[in-house]
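Chains as they are written, first to last, in numbering that gives the first Met the number 0: chain A, 0 to 518; chain B, 0 to 104. Below: the structure, in structure tokens.
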Amino acid sequence: MAGHARTAALGEGVSAPAATGEIVNKLREGETPMKQPLTRDEREKAYALPKKHEVIERQKLPVRYHVEDGLAVEDRPRRFLAAMAAILKHTNYRFVLDHYIRTSAKCSRCTVQCQVFAATGDVNDIPCRRSELLLRVYRRHFTQAGMLRGRLLGDPGLTDEHVQQMAEAFYDCTACRRCQLECPAGIDHGLITHLGRYILAEIGIAPRALVVSTREQLTGETHNTSAIPVAALKDTLGFLEEEMAETKGVEVKFPVDVEGADWLFLAPVSDYMMEAETLMGIACVLHATGESWTIGTGDYDAINYGLFYSDHVLEKVLLMVEEEAKRLKIRKGILIGECGHASRSAKFFYNQFARERKLPVVNILEYTAEQVRAGRLEFDREMIGERVTYHDPCNIARSGWIVEQPREIIRAFIDDFREMSARGRNGVCCGGGGGTVSIDEIRPYRTAIGGRRKAELIRETIAGGKGHYTIAPCANCKKQIREVLEDNGIPSELVGLHDLIYKAIVLSDDGVAWHEPEY
Amino acid sequence: MPDFEYNGKKVVVDEDGFIQDPDVWNEELANALAQVEGVDQLTDEHWNIVNYLRNYYQQFGIAPMVRKLCKETKTPLKRVYELFPSGPAKGACKVAGLPKPTGCV
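Here it is in structure tokens:
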């Protein structure tokens, strides 16, 4: 009897792959514009020809991606080694590298996790192969066995080509750390990417877009990455308050420079240009809970590109936050808006670097989820009838820190919620991670290669819904996925989670979530 | 820094073609920059946006929030993208002679 059942089960099993194969073929043929994995040539094309290439030709403008003006090119290997030696001396990266050169088996299990490799099929995009670029330098120049072997075998050591190769490889990686999930030796390739970029930055090789923004944040007049002056910030906040009064039917404030407030709120500063709804949604939640919070005019930018390429920058940016928390005598902690990397850098490093007083760091999704759980927020369930899917920003989801909280919020007021097939800790990077989203020159690379897997995952969730929203609670992911949706022709609108909360939250006494403005 | 040439004149621009000195901006230059951005002819609708951006920039030293731009010029975001194919931040700001937006914009 048992044997019979087993045969029957096998029989069903045999027909299933055929059916799946059919679906896959169908998808390949007509229902998706996705192509076969790209060749190296195709990828180079994607790099070399930004979308508006004809424009650049007309202007005769070179597309520069890395900053290294005025630095002697032939001197790079020596300078790289000097920078690496200094970093190893003053940090505990040495301990990590010592461990990794022993455990790295180069088994390539990480390949199945990497969305860049999935799109290119290029061996240079295998995470452990990329990490090996740096581990090889460490082994050759910073271990006794390596130095001895180098002398015996006449190995000349680090070459200029190798530095060049690292400069390319470490920015092909989006530092999403998904490969870490699969590594049997527990190697964090994202950390190696970070260290590689850090050393490169020390010798002047870093993406121009990041360096320019960081310079403005650390030494510019406005002290934020988008160069928004305080007067413009105040004007914007005033405008948003008017908007909220019109549509929500109550007065909601953006408190500015309130001394002794419980929470210091920092949004990724680009939200003040691009994401009106996200900010209004957050203000509405904080209004509904009667929270004491403030935006500080001394520092209102949560963005910290240091996490992507330099520990010096990482520390300096966080010290600016500490200064502001001190100035405003913040009582409870730091509240970070919808932004993955800003949340991670503050959460994991603020208290490492804080000189005087440690403070808890809370992401707005954690905060709002707690309020939903406590029943302090009222929603109109009828407001969002569209199909909704949720993108997990790597920086908050990979460690398992913020995975369930946003889903709790979504279920509180959205009925048609469809998960992507890879979600949570296992979520796939938007393709613009690790700061690459700020580099406009490589948009075709980001949307056709880095973001290709994400595009497929979003597309799978669309069929059958009435309209479609993709939620991405992160300024980086928002920009990137908007471009992915546009370049891949996917019929979905990209929003933040608080954008939808803004629509559905009920604040006024009449119980109406949305008052159509009269103009 | 490269030069951008139009009607026999030259202005300094950055790698992405944004003019470096906002004071050299004039309507003739705006027309030339528009060509580069894939806009053949600046219509009244274009000028409405460009003038608003310039006025805001002169007052605050930065471009306005996208939503404010749409509301004050009474132009839906979709229409802005139709008018300036590379969008409000990269397209319209360039034509209006604002510096290139930085950060996650």
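Backbone N, C-alpha and C define an ideal beta-carbon position, used for all residues, glycine too.
**Prompt:** Shortest alpha-carbon distance to Asp154 of chain A belongs to which of A:Ile204, A:His140 and A:Leu199?
**Reply:** As a first step, residue 154 of chain A is located in the first sequence; it is residue number 155 there, counting from the start. Cα-wise, what sits closest to Asp154 of chain A is A:His140.
**Asked** When you compare only the Cα positions, how much space is there between Thr42 of chain B and Gly280 of chain A?
**Response** Stepping through the second sequence from its first residue, residue 42 of chain B is reached at position 43. Stepping through the first sequence from its first residue, residue 280 of chain A is reached at position 281. Each residue's alpha carbon lies about 36 Å from the other.
**Asked** Can you name the residues that DSSP bridges to Asn362 of chain A?
**Response** Position 363 of the first sequence, counted from the first residue, corresponds to residue 362 of chain A. DSSP output for Asn362 of chain A lists A:Ile335 as bridge partner(s).
**Item:** Nearest-angstrom Cα separation, counted from Asp379 of chain A out to Thr388 of chain A
**Value:** By one-based count along the first sequence, residue 388 of chain A stands at place 389. By one-based count along the first sequence, residue 379 of chain A stands at place 380. For Thr388 of chain A and Asp379 of chain A, the distance between alpha carbons rounds to 19 Å.
**Message:** By the three-class DSSP mapping on this structure, what secondary structure does Val211 of chain A have?
**Reply:** Taking the first sequence and counting its residues from 1, one reaches residue 211 of chain A at position 212. Helix at Val211 of chain A.
**Asked** Where do the N-terminal and C-terminal ends of the alpha helix (DSSP H) with Lys73 of chain B fall, by residue?
**Response** Within the second sequence, residue 73 of chain B is the residue found at index 74, counting from 1. Run containing Lys73 of chain B: none; DSSP gives neither H nor E here.
**Request:** Confirm the yes/no value for this check: CB of Asn123 of chain A, any heavy atom of the ligand ATP, distance under 8 Å.
**Result:** The ligand content of the structure shown is nil, which means the ligand ATP is not present either.
**Prompt:** Can you find a C-beta in chain B that's less than 9 Å from the C-beta of Arg451 of chain A?
**Reply:** The sequence position of residue 451 of chain A within the first sequence is 452, counting from 1. Judged by the 9 Å Cβ criterion, Arg451 of chain A is not in contact with chain B.
**Item:** Member of A:Gln479, A:Leu376, A:Arg451 and A:Ser103 whose CA lies at the smallest distance from the CA of Glu440 of chain A
**Value:** Mapped onto the first sequence, residue 440 of chain A falls at position 441. The shortest Cα separation from Glu440 of chain A among A:Gln479, A:Leu376, A:Arg451 and A:Ser103 belongs to A:Gln479.
**Prompt:** Do Ser309 of chain A and Thr213 of chain A have their C-beta atoms closer together than 9 Å?
**Reply:** For the purposes of this step, residue 309 of chain A is identified with residue 310 of the first sequence, where counting begins at 1. For the purposes of this step, residue 213 of chain A is identified with residue 214 of the first sequence, where counting begins at 1. Remark: C-beta atoms of Ser309 of chain A and Thr213 of chain A approach each other more closely than 9 Å.
**Request:** Spell out a yes or no on whether the stretch 484-493 of chain A and the stretch 329-338 of chain A are touching, meaning 3 or more CB-CB pairs, one atom from each, closer than 8 Å.
**Result:** As far as the Cβ criterion goes, the stretch 484-493 of chain A does not touch the stretch 329-338 of chain A, which means the pair count is below three.
**Item:** Residue from A:Gly305, A:Gln179, A:Arg354 and A:Gln216 with nearest C-alpha to Glu321 of chain A
**Value:** Here residue 321 of chain A corresponds to residue number 322 of the first sequence, with the count starting at 1. Among A:Gly305, A:Gln179, A:Arg354 and A:Gln216, the Cα nearest to that of Glu321 of chain A is on A:Arg354.
**Message:** Across the stretch 187-205 of chain A and the stretch 162-173 of chain A, are there enough close Cβ pairs to call them in contact, namely three or more that are closer than 8 Å?
**Reply:** Yes, since at least three Cβ pairs between the stretch 187-205 of chain A and the stretch 162-173 of chain A fall closer than 8 Å, the two stretches touch.
**Contact list for the stretch 271-282 of chain A against chain B, Cβ threshold 7 Å** = Taking 7 Å as the Cβ-Cβ cut-off against chain B, the residues of the stretch 271-282 of chain A that qualify are Tyr271, Met272, Met273 and Ala275.
**Asked** Hey, does Asp234 of chain A have any beta-carbon neighbour from chain B nearer than 9 Å?
**Response** Translated into positions along the first sequence, residue 234 of chain A becomes position 235. So, interface residue.
**Request:** Could you name the residues of the stretch 43-63 of chain B whose beta carbon sits closer than 9 Å to any beta carbon of chain A, in the order they occur along the chain?
**Result:** Within the stretch 43-63 of chain B, the residues whose Cβ lies closer than 9 Å to some Cβ of chain A are Tyr55, Gln58, Phe59, Gly60, Ile61, Ala62 and Pro63, listed in chain order.
**Request:** Indicate the three-state DSSP secondary structure (helix, strand or coil) for Leu493 of chain A in the structure shown.
**Result:** For the purposes of this step, residue 493 of chain A is identified with residue 494 of the first sequence, where counting begins at 1. In this structure, Leu493 of chain A counts as strand in the three-state DSSP scheme.
**Amino acids of chain B, ordered along the chain, whose beta-carbon sits closer than 8 Å to that of Asn394 of chain A** = On the first sequence, residue 394 of chain A is found 395 positions in, with the first residue counted as 1. Contact of Asn394 of chain A with chain B by beta-carbon distance below 8 Å is absent, the smallest such distance being about 13 Å.
**Request:** Could you spell out the range, first to last residue, of the beta strand (DSSP E) harbouring Asp2 of chain B?
**Result:** Residue numbering aside, residue 2 of chain B sits at position 3 when the second sequence is read from its first letter. It spans Asp2 to Tyr5 - the beta strand (DSSP E) in which Asp2 of chain B sits, taken as one unbroken run.
**Asked** For His467 of chain A, which three-state DSSP category applies?
**Response** For the purposes of this step, residue 467 of chain A is taken as the residue at position 468 of the first sequence. The answer is strand: DSSP assigns His467 of chain A an E or B state.
**Item:** Spatial distance of Glu30 of chain A from Gly466 of chain A (CA atoms)
**Value:** If you number the first sequence from 1, residue 30 of chain A lands on position 31. If you number the first sequence from 1, residue 466 of chain A lands on position 467. Because Glu30 of chain A sits at a pLDDT of 44, beneath the cut-off of 50, its placement in the model cannot be relied upon, and the following sentence gives the value as read from the coordinates. Their backbone Cα atoms lie some 18 Å apart in a straight line.
**Asked** Would you report the Cα separation of Asp486 of chain A and Pro254 of chain A, rounded to the nearest angstrom?
**Response** Taking the first residue of the first sequence as position 1, residue 486 of chain A is located at position 487. Taking the first residue of the first sequence as position 1, residue 254 of chain A is located at position 255. Put simply, the backbone Cα of Asp486 of chain A is about 38 Å away from that of Pro254 of chain A.
**Asked** Are the stretch 403-418 of chain A and the stretch 14-29 of chain B touching by the rule of at least three beta carbon pairs closer than 8 Å?
**Response** Contact fails: fewer than three Cβ-Cβ distances are below 8 Å.
**Message:** Check whether chain B comes within 9 Å of Gln58 of chain A, counting only Cβ atoms and requiring the distance to be less than that.
**Reply:** Translated into positions along the first sequence, residue 58 of chain A becomes position 59. Low confidence applies to Gln58 of chain A: its pLDDT is 29, below 50, so where it sits in the model is not reliable, and the reading given next is rough at best. Yes, contact with chain B.
**Asked** Touching or not, the stretch 499-510 of chain A and the stretch 365-380 of chain A, by the rule of three or more beta carbon pairs under 8 Å?
**Response** The way I'd put it, the stretch 499-510 of chain A does touch the stretch 365-380 of chain A; three or more beta-carbon pairs between them come closer than 8 Å.
**Request:** Return no unless some Cβ of chain A is closer than 9 Å to the Cβ of Glu81 of chain B.
**Result:** Locating residue 81 of chain B in the second sequence gives position 82, where the first residue counts as 1. Residue-level contact by beta carbon fails for Glu81 of chain B and chain A, as no gap is shorter than 9 Å.
**Cross-chain neighbours of Gly96 of chain B in chain A, by beta carbon under 9 Å** = By 1-based counting over the second sequence, the position of residue 96 of chain B is 97. Those do not exist, as Gly96 of chain B stays about 15 Å from chain A at its closest Cβ, beyond 9 Å.
**Message:** Which same chain residues end up closer than 6 Å to Leu60 of chain A when comparing Cβ atoms and leaving out the 5 residues on each side of it in sequence?
**Reply:** Taking the first residue of the first sequence as position 1, residue 60 of chain A is located at position 61. Note that Leu60 of chain A scores 33 on pLDDT, short of 50, meaning its location in the model is unreliable and no value can be drawn from it.
**Asked** Looking at C-beta atoms only, is the number of pairs between the stretch 445-464 of chain A and the stretch 422-430 of chain A that lie closer than 8 Å three or more?
**Response** Touching, yes.
**Item:** Coil, strand or helix - Trp292 of chain A by DSSP
**Value:** Translated into positions along the first sequence, residue 292 of chain A becomes position 293. Under the three-state reduction of DSSP, Trp292 of chain A is assigned to strand.
**Prompt:** Would you report the Cα separation of Cys127 of chain A and Val284 of chain A, rounded to the nearest angstrom?
**Reply:** The sequence position of residue 127 of chain A within the first sequence is 128, counting from 1. The sequence position of residue 284 of chain A within the first sequence is 285, counting from 1. Rounded to whole angstroms, Cys127 of chain A and Val284 of chain A show a C-alpha spacing of 43 Å.
**Asked** Quick one, are the C-beta atoms of Asn475 of chain A and His340 of chain A less than 9 Å apart?
**Response** For this step, residue 475 of chain A is matched to residue 476 along the first sequence. For this step, residue 340 of chain A is matched to residue 341 along the first sequence. For Asn475 of chain A and His340 of chain A, yes; Cβs fall inside 9 Å.
**Message:** Strictly by DSSP, which residues pair up with Leu263 of chain A?
**Reply:** In the first sequence, the residue the question calls residue 263 of chain A occupies position 264. Secondary-structure assignment with DSSP links Leu263 of chain A through a beta bridge to A:Thr293 and A:Ile333.
**Assigned secondary structure, Val23 of chain A (DSSP; H/G/I helix, E/B strand, else coil)** = Mapped onto the first sequence, residue 23 of chain A falls at position 24. Note that Val23 of chain A scores a pLDDT of 44, beneath 50, so its modelled location is shaky; the value from the coordinates is reported in the next line. Here DSSP, grouped into helix, strand and coil, assigns Val23 of chain A to helix.
**Item:** the stretch 256-273 of chain A touching the stretch 184-191 of chain A, judged by at least three CB pairs closer than 8 Å
**Value:** No, because fewer than three Cβ pairs between the stretch 256-273 of chain A and the stretch 184-191 of chain A fall closer than 8 Å, the two stretches do not touch.
**Request:** Taking only beta-carbon positions, decide if Ala503 of chain A is within less than 9 Å of chain B.
**Result:** For the purposes of this step, residue 503 of chain A is taken as the residue at position 504 of the first sequence. Judged by the 9 Å Cβ criterion, Ala503 of chain A is not in contact with chain B.
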